[in-house]
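Following numbering that gives the first Met the number 0, the numbering of the sequence shown begins with 0 at its first residue and continues without gaps.
This report concerns only the one structure given below.
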Amino acid sequence: MKYLLLTFFASILFFACQNQSQPGSEPETVSQTTVQLPRDFLDFYEKFHRDSQYQMEHVVWPLQGDTSEQVDSTHYKKVGIQWRPEEWHMQRLAYNPKDYHRDLQMLGEVLIIERIRAKAANYGIERRFAKQPEGEWALIYYSDMQEMVK
């Protein structure tokens with residue numbers, strides 16, 4: 000049952016995150032946050048979700064993260080994983096803010112943690128972005144759809 004629920008929410012997030020916007024339109028905003036993000040990060044973030052080549056160049060490979068592994072018919076456990084370019088799915092940002100809550104946490108000037116969680120259940124994704132030594136932002140961590148720790 001938990002597997003079906005996890006698959007259901009993963010499918011919803013996958014299809015919800017497909018880029019539905021028209022050329023030149025702004026990405027849809029989600030739940031408001033009090034975090035003031037740096038302008039260079041906002042520019043990076045917009046381009047990261049719009050340009051697949053730029054995205055692949057701004058991921059630290061192999062990408063560290065987590066996924067869920069089925070233990071038995073009803074239980075899953077969180078396991079560490081290294082995502083590789085050949086298995087990567089383009090990250091898009093176009094989903095309904097009525098269905099998802101987005102939380103941004105800034106740690107210092109160089110690390111931003113983003114959590115996107117379904118409002119209907121405690122499932123979501125986590126991404127971490129860090130400013131690299133050369134001054135460019137990059138995705139450094141990705142946790143796919145799984146139960147979120149509150």
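Every residue, glycine too, gets a C-beta built ideally from N, C-alpha and C.
Predicted, not measured: the structure shown is a model, and the values here were computed from it.
- Per DSSP, H100 is one residue of the beta strand (DSSP E) stretching across 99-106.
- In the DSSP assignment, Y53 falls outside any beta strand (DSSP E) and lies within the alpha helix (DSSP H) extending over 51-56.
- Taking the CA atoms as reference points, M144 sits about 9 angstroms from I115.
- For S142, the uninterrupted beta strand (DSSP E) segment begins and ends at 136-146.
- The bridge partners DSSP lists for V70 come to none.
- When DSSP states are grouped into helix, strand and coil, L36 belongs to the coil group.
- Annotation for Q81: the continuous beta strand (DSSP E) segment containing it runs 75-82.
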